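Below is one structure, written out as structure tokens; comments come after it.
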Amino acid sequence: MIAMQVAEIIAEYAVFLELTGDEELNPDTAVKMMEALASHLQEMDKGFLRELVNAFPIIAEEYSGEAQEVVRNISYGYYLEDALAADDPVKLATLEALRDATG
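Heads up: the sequence shown runs through residues 1 to 103, numbered per the UniProt record's numbering.
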């Protein structure tokens, strides 16, 4: 339950940072905040982080259009699966190959 609530908070920030126009939010500030958010998320307890990663696709259904894609892609965009695979070199290599393939 708490993971869903935290995921909803993170999703709101991610949508705001990624979809707010340059006239309303300085792009450099947005990038700094996204990097800080990614860093904090990657440092979370792995068990809780897994719950968050699993929650994003579920809560993405509450959004539409571009915002839904942002929420659906939080795990990928913020390298959360990579953080979860840090102790598994095979999985990490697979994720890296997927990133390279998708550009």
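Beta carbons are placed, not taken as given, at the ideal position from N, Cα and C, and that holds for glycine. Note that the coordinates shown come from a computational prediction; the quantities given were computed from them, not determined experimentally.
Own chain residues within Cβ distance below 7 Å of residue 55, not counting five before or after: Stepping through the sequence shown from its first residue, residue 55 is reached at position 55. If we look at residue 55 and ignore the five residues flanking it on each side, its Cβ neighbours are 3, 4, 7.
Close beta carbons around residue 83, own chain, < 6 Å, minus the five adjacent residues each side: Within the sequence shown, numbered from 1, the residue matching residue 83 stands at position 83. Within the same chain, 42 come within 6 Å of residue 83 by CB-CB distance, once the 5 residues on both sides are set aside.
Beta strand (DSSP E) runs contained entirely in the stretch 5 to 29, provided each spans 3 or more residues: Runs of the beta strand (DSSP E) lying entirely within the stretch 5 to 29, each at least 3 residues long, are absent.
Reduced DSSP category for residue 44 - H, G, I as helix; E, B as strand; rest coil: The residue labelled residue 44 in the question sits at position 44 within the sequence shown. Of the three classes helix, strand and coil, the one that applies to residue 44 here is coil, per DSSP.
Residue 90 classed as buried or exposed, judged by whether at least 16 other C-beta atoms fall within 10 angstroms: On the sequence shown, residue 90 is found 90 positions in, with the first residue counted as 1. By the neighbour-count criterion, in which 16 or more other beta carbons inside 10 Å mark a residue as buried, residue 90 falls on the exposed side.
8 Å Cβ cutoff met for residue 59 and residue 11: On the sequence shown, position 59 is the one that residue 59 refers to. On the sequence shown, position 11 is the one that residue 11 refers to. Contact flag set, yes.
N-terminal and C-terminal residue of the alpha helix (DSSP H) that residue 75 is part of: Here residue 75 corresponds to residue number 75 of the sequence shown, with the count starting at 1. Residue range 74 to 77 is occupied by the alpha helix (DSSP H) that includes residue 75.
Beta-carbon gap between residue 63 and residue 53 smaller than 8 Å: Your numbering for residue 63 matches position 63 in the sequence shown. Your numbering for residue 53 matches position 53 in the sequence shown. Contact check for residue 63 against residue 53 fails: the beta carbons are separated by 8 Å or more.
Coil, strand or helix - residue 33 by DSSP: Position 33 of the sequence shown, counted from the first residue, corresponds to residue 33. Correct three-state label for residue 33: helix.
Outcome for residue 13 when other beta-carbon atoms lying within 10 angstroms are tallied against a minimum of 16: Along the sequence shown, read from residue 1 onward, the residue named residue 13 stands at position 13. Only exposed fits residue 13, as fewer than 16 other CB atoms lie within 10 angstroms of its CB.
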